[in-house]
Amino acid sequence: MKISNSGGVPVYTVAGADTARPLPDWLIRKRKRSLKQDPEFANRVELLQDFDFEEASQCVRVSDDGDWVMSTGTYKPQIHTHYLPHLSLSFARHTNTVNETFLLASSDYTKSIHLQQDRVIELHTAGNLHYSTRIPRYGRDLLFERRSAEVLVPSVGLNADGKGEAFRLNLEVGRFMKAYEIEVGEDETVGGLQGGVSSGSVNTGAVAEASHGLLSFGTSLGTVEFWDSRSKDRVGILTAPHDAIEGRAEVTALQFHRSGLELAAGSSNGLIHIYDLRSPVPLMKKDQGFGLPIKNIIYLDSGVSTRAQSSESKILTADKKIIKIWDAKTGTPWTSIEPAVDLNHVEWCKDSGMLLTANEGKQQHAFFIPQLGPAPKWCGFLDNLVEEMAEDPDDPNAFGKSSGGDVYDNFKFLTLVQLRQLSLDHLVGKTSLLRPYMHGYFVAQKLYEEARLISNPDIWQEQREKSIQEKINKERESRIRGNKKVAVKVNRRLAEKMLEREEKNEQRRARRVLEKGGDDDMLDTEKAQAVGEIEEQKPVGGVLSDPRFARLFEDEEFEIDEASHEFQAINPSTKLPKGLTAVEQEELESHKGSDSDETSDESEAEQPQRRQKEAPEDKNRISSASYKKSGHKSQRGPQMVVSSSARKPQQSRDTTFGSRVGKLKDRRTPNRGSTAVVGEREITFAPSEKPKRPPTADAAPQGQRHDRKDRRSASGNTFRKM
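Residue numbers are given in the UniProt record's numbering: position 694 of the sequence shown equals residue 694, and the series is strictly consecutive.
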């Protein structure tokens with residue numbers, strides 16, 4: 001976006017910046033290949049799609065709801081309608097002749113009234129042309145009186161009574177009503193129905209819609225007539241001041257203030273007069289400066305306010321060369337916009353700082369003034385772009401140095417003393433590369449850079465060293481200095497660990513800067529502290545100063561319990577050391593006793609060997625503290641216990657030790673013999689008779705029964721009968 005800073009008020013050219021340099025089609029196709037290297041094309045902002053015409057644009061209007069923009073242009077004569085929330089062209093419609101001006105009769109685009117240059121009035125709807133009719137004479141302007149639904153067309157020439165007319169087309173009845181007859185003088189030449197070359201005309205008009213509804217018409221005589229739409233009578237006439245040199249100029253633009261008590265009138269010689277309806281004497285007189293007819297007058301009364309917006313009411317006046325905005329009370333110029341092509345119409349997006357124009361170029365202009373108002377809702381991203389381009393977001397007048405105050409692009413302004421330092425003073429008056437301007441010269445940027453490099457060959461190395469020095473100083477400023485003791489209430493060890501980690505990261509960054517070509521003497525202290533190579537870690541970016549983690553070091557509820565099982569499981573390096581077992585304590589005491597009898601030299605020589613011998617034995621012992629550190633894992637796997645819900649839990653915790661010991665049963669282990677012998681063993685067995693048990697008195701005699709005497713035994717084992 002291009003920026004112009006007229007009067008200290010920045011104006012952004014959002015669209016139409018390259019309207020002044022149109023290129024032929026064959027050259028455009030050729031340049032498309034190099035557009036990727038064109039910085040202007042790469043940084044462009046295309047606000048609306050196809051916001052242009054083939055030749056020129058005639059008029060542009062914004063709907064009351066703020067969602068639609070309709071514009072007319074040529075050639076071929078056509079109507080473009082843009083849907084603003086989508087920032088794109090909704091449709092294009094062609095007409096038979098060129099459009100003079102048009103109005104939107106509804107809050108959106110669905111009803112529009114167009115005045116064509118062939119005396120035709122066209123009524124368009126959302127679909128197509130609804131109806132067209134023709135007026136007797138050429139129209140100059142178009143008004144719409146909403147209270148009576150009448151279209152008013154100020155026209156050129158005289159009627160049969162020798163007066164000018166403002167035709168009335170009643171849209172409710174569907175026919176022409178009796179026109180307003182306005183005094184425009186006599187036609188000195190003999191002409192036809194349209195009148196002669198110097199015949200009078202009603203040039204423009206205005207309707208006080210927001211207040212009393214009075215109608216005003218500006219004539220070629222320099223007068224303004226006021227008509228009441230209810231009585232259809234003239235209620236007053238206002239005569240512009242007479243100029244001694246140019247005489248009385250024509251009135252070409254009129255606009256009521258929303259209060260209805262103030263009227264702004266623009267003339268054909270570039271003068272604007274502000275009137276109070278209660279007095280024929282103008283309150284203020286302003287000169288546009290070019291002596292051209294005034295085309296538009298707009299009261300910039302915004303309904304919203306922003307930080308950058310000025311509180312004073314403004315008036316916008318425009319001719320075909322320049323747009324000026326000035327204070328409505330004092331007349332002080334506020335800012336101005338001077339496009340490269342002639343203007344035909346200017347439209348203000350209400351309650352915003354956006355201006356749209358119809359001009360004699362292909363592209364239509366779109367200007368954004370942040371101090372006039374915020375960006376419209378359909379292009380709210382412009383506010384962010386403006387804040388990014390400004391050096392100070394709180395100061396609306398602060399903008400980049402490279403964007404404002406440039407007279408020529410790709411040129412450097414140098415005084416004569418600077419030219420002598422670069423050895424370029426011999427080119428003064430001999431070449432077009434040096435263009436005189438004020439007290440110096442404009443030099444081509446490429447020539448300036450080459451001459452600067454030749455005059456000082458070491459400038460590149462100096463700039464590189466300067467950038468490295470600035471980077472190191474920036475790192476030093478962000479360093480946390482002082483001792484490692486931090487003023488925190490809780491979690492002091494965690495805070496100290498974070499500070500230590502930040503210092504290590506800072507040392508590594510400084511070492512990398514030195515490796516890339518920095519000064520070695522500047523970081524001796526940091527280099528001495530960071531001798532060993534440390535594995536790079538992600539820096540802890542200011543957690544202590546971050547307000548989101550402030551309660552971690554202030555509130556006792558967030559205190560870390562390092563003795564808890566959860567903390568020790570996550571942080572094994574911070575576990576508390578375990579105490580020695582009884583066996584380890586006895587071994588330690590025995591070692592101390594044996595070492596005390598030996599000399600100090602022998603103890604120093606034998607102690608490392610003893611430690612090396614004891615180390616593998618100590619690691620293999622389950623009771624040792626280094627058992628788990630040596631990589632051994634417990635051979636006992638996880639046990640799963642099945643419990644029954646019907647079983648009552650044993651409440652052994654609530655009973656005494658004596659009561660629990662009394663309930664224990666005597667458990668005798670069977671004597672399976674001792675096998676204390678290690679090695680081979682010989683075992684012999686000696687057979688022996690089993691002793692017979694003596695008969696008891698109660699037992700019955702168990703002799704041989706007589707019924708088995710004669711029976712032969714089935715067993716063949718004779719030893720059983722012994």
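Using N, Cα and C, we set each Cβ at its ideal position, and we do this for glycine too. Predicted, not measured: the structure shown is a model, and the values here were computed from it.
Using CA atoms only, rank isn't needed, just tell me which of E360, Y109, L424 is closest to F91. Y109
Cα-Cα separation, L447 to L434: 10 Å
Looking at the unbroken alpha helix (DSSP H) that takes in F567, where does it start and where does it end? 565-570
Which of the three DSSP states is assigned to F102 in this structure? strand
Would you kindly report the start and end of the unbroken alpha helix (DSSP H) that includes A451? 445-455
Under 9 Å between the Cβ atoms of I79 and T95? yes
My understanding is that A105 touches F51, with C-beta atoms under 8 Å, so please give their C-beta distance in whole angstroms. Contact flag wrong, Cβ pair sits at about 23 Å.
According to DSSP, simplified to helix, strand and coil, what is K163? coil
Rounded to the nearest angstrom, what separates S88 and Q469 at their Cα positions? 50 Å
Beta-carbon proximity check, residue 725 vs G266, cutoff 9 Å: Residue numbering for the chain in the displayed model covers 1 to 722; residue 725 lies beyond these limits and cannot be assessed.
Measure how close the beta-carbons of E347 and V543 come, nearest whole angstrom, since I'm counting them as under 8 Å. Going by Cβ atoms, the distance from E347 to V543 rounds to 54 Å, so no, they are not a contact pair.
Can you round the beta-carbon distance between V341 and N359 to whole angstroms, since I take them to be within the 8 Å contact cut? 5 Å
Pick out whichever of M354, M498, P77 has its Cα sitting closest to the Cα of L48. M354
Simplified DSSP state of S112, which is helix, strand or coil: strand
Taking the CB atoms as reference points, tell me whether L254 and G205 lie closer together than 9 Å. yes
Starting from the Cα of I323, find the closest Cα among K314, K329, T330 and give me that residue. K314
Per DSSP, what kind of secondary structure is Q49 in: helix, strand or coil? coil
Taking only three categories from DSSP, how would you classify N96? coil
Mind checking which residues open and close the alpha helix (DSSP H) that includes M498? 492-515
Helix, strand or coil: how does DSSP classify G380 here? coil
Taking only runs that begin and end inside the segment 321-358, name each unbroken beta strand (DSSP E) of 3 or more residues, in chain order. 323-327, 333-337, 343-348
Verify whether the separation of the beta carbon atoms of T357 and F368 is less than 9 Å. no
Buried versus exposed call for E165 [16 or more other C-beta atoms within 10 Å across all chains shown]: buried
Could you please give the first and the last residue of the uninterrupted beta strand (DSSP E) stretch that includes L129? 129-134
Does the beta-carbon of Q463 have 16 or more other beta-carbons within 10 angstroms, so that it is buried, or is it exposed? exposed
Do S229 and E150 count as a contact pair if the criterion is CB distance below 9 Å? yes
Is it buried or exposed, V687, if we count other Cβ atoms within 10 angstroms and call 16 or more buried? Residue identity differs from the one stated: residue 687 is Pro in this sequence, not Val. It is exposed - the Cβ of P687 has fewer than 16 other Cβ atoms within 10 Å.
With 16 other CB atoms within 10 Å as the buried threshold, where does S201 fall? buried
Under a three-way DSSP split, which group does D546 fall into? coil
DSSP state of T525 mapped onto helix, strand, coil: Confidence is the limiting factor: at T525 the pLDDT is only 45, short of 50, which leaves the residue's position unreliable, though a coordinate-based value still follows. Looking at T525 - three-state DSSP - the assignment turns out to be helix.
Best match in R175, T415, S455, K430 for proximity to F442 [C-alpha to C-alpha]: T415
Taking buried to mean at least 16 other C-beta atoms within 10 Å of its own C-beta, is D161 buried or exposed? exposed
Among D233, E183, I237, S259, whose alpha-carbon lies nearest the alpha-carbon of E209? S259
Kindly indicate which three-state DSSP category L238 falls into: helix, strand or coil? strand
Do I337 and I297 have their beta-carbon atoms positioned less than 9 Å apart in this structure? no
Starting from Q78 and walking both ways along the beta strand (DSSP E), at which residues does that stretch end? 78-83
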